[in-house]
Amino acid sequence: GAVVSQHPSRVICKSGTSVKIECRSLDFQATTMFWYRQFPKKSLMLMATSNEGSKATYEQGVEKDKFLINHASLTLSTLTVTSAHPEDSSFYICSARNSGRAYNEQFFGPGTRLTVL
Amino acid sequence: GESVGLHLPTLSVQEGDNSIINCAYSNSASDYFIWYKQESGKGPQFIIDIRSNMDKRQGQRVTVLLNKTVKHLSLQIAATQPGDSAVYFCAAPMGPRYSSASKIIFGSGTRLSIRP
């Protein structure tokens, strides 16, 4: 149980295009999901908290118009990188909090490798 | 500001030896800590956690020690195997307890490499 999936696992796009990444909780409901990004050999940096049915909460320094988050159901959150540029190339990881379990129990997805040419 | 997970960046151990990965935190109010393992190209994997009312917790081949006095915790891996090669992060929830606003913040991590 407690599986989180991400799609796609890898994506390569041209500069200026938008890319959508999906995060799904497969066997539990998640009112809250989180989006992290990770640069090579660096730690995970929290970008935003995605709340089902409401607006996402972004961390300081993260452009909300650049990284659009939608959490339309209890099992799906999407992150759209708009007008992507090479500096947006990174490893994007989502996590989901099980609504029925302890507040601090989060399950992580396998990550999405974004490369912007 | 608050920080968690000030690690040494790398650790190299002989296969079969025990590994000890250290982590420090700054917020004395932190009451819950988690260790994650991240293999190359994958998401973090939960290893073990510990609450502040405990000094030690053991899992399968892993032990976490918490010293609240000096705000330090460690992850010990017994009989290290090649499959233990990964980056290890300690992390802690930040924000209001028992709240959807609580979020997990990661430290910088330690890359564990195994010598044959």
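Going down the list, the protein sequences come from chains A and B.
Each number in our numbering comes from the position in the first sequence (counting from 1) with 49 added on.
Each number in our numbering comes from the position in the second sequence (counting from 1) with 644 added on.
Cβ coordinates follow ideal geometry from the N, Cα and C atoms, glycine included.
The structure displayed is predicted, hence computed values, not measured ones.
Going by CA-CA distance only, name the one from B:Leu-655, B:Val-657, B:Ile-664 that's closest to Leu-717 of chain B.
B:Ile-664
Close Cβ partners of Asp-693 of chain B (< 6 Å) along its chain, the five nearest in sequence each way excluded:
Ile-678
Using 8 Å as the threshold, is the C-beta distance between Ala-133 of chain A and Thr-66 of chain A below it?
yes
Helix, strand or coil at Glu-136 of chain A [DSSP, three-state]
helix
Presumed contact (8 Å Cβ cut-off) between Ser-99 of chain A and Thr-81 of chain A, rounded CB distance:
7 Å
Report yes if the CB atom of Ala-730 of chain B is closer than 8 Å to the CB atom of Leu-756 of chain B, and no otherwise.
yes
In the DSSP assignment, find the beta strand (DSSP E) that holds Leu-655 of chain B and state where it starts and stops.
654 to 658
Pick out the complete alpha helix (DSSP H) segments inside the region 682 to 736 of chain B, 4 residues or longer, and give them in chain order.
none
Could you tell me which chain A residues have their CB closer than 7 Å to the CB of Gly-753 of chain B, listed as they occur along the chain?
Ser-92
Since Ile-142 of chain A meets chain B, which of its residues come closer than 8 Å, beta carbon to beta carbon?
Gly-687, Pro-688
Give me the Cβ distance between Ser-651 of chain B and Thr-754 of chain B, rounded to the nearest whole Å; I'm assuming they're in contact under 8 Å.
A quick correction: the sequence has His, not Ser, at residue 651 of chain B. Going by Cβ atoms, the distance from His-651 of chain B to Thr-754 of chain B rounds to 4 Å, so yes, they are a contact pair.
Name the two residues that bound the continuous beta strand (DSSP E) containing Ser-74 of chain A.
68 to 74
Leaving out five residues before and five after Val-111 of chain A in sequence, what residues of the same chain have Cβ atoms less than 8 Å from its Cβ?
Met-96, Ala-97
What is the DSSP secondary structure of Lys-90 of chain A, reduced to helix, strand or coil?
coil
Coil, strand or helix - Gly-645 of chain B by DSSP
Since pLDDT at Gly-645 of chain B reaches only 49, below the 50 mark, its modelled position is unreliable, and the value read off the structure follows with that caveat. It is coil, neither helix nor strand.
DSSP beta-bridge partners of His-56 of chain A
A:Glu-71
Cβ neighbour criterion (16 or more within 10 Å) applied to Asn-147 of chain A
buried
Show which residues of chain B have a CB atom less than 8 Å away from the CB atom of Gly-158 of chain A.
Gly-687
Quick check: the Cα distance between Gly-645 of chain B and Gln-155 of chain A, rounded to an integer number of angstroms?
The predicted model places Gly-645 of chain B with a pLDDT of 49, which falls under 50 and marks its position as unreliable; any figure quoted below should be read in that light. Cα-Cα distance, rounded: 23 Å.
Reference Ser-139 of chain A, options A:Ser-54, A:Leu-123, A:Phe-116, closest by Cα
A:Phe-116
Listed by chain order, chain A residues near Ile-749 of chain B by CB distance under 8 Å
Leu-95
Taking DSSP as the reference, what is the three-state secondary structure of Phe-77 of chain A?
coil
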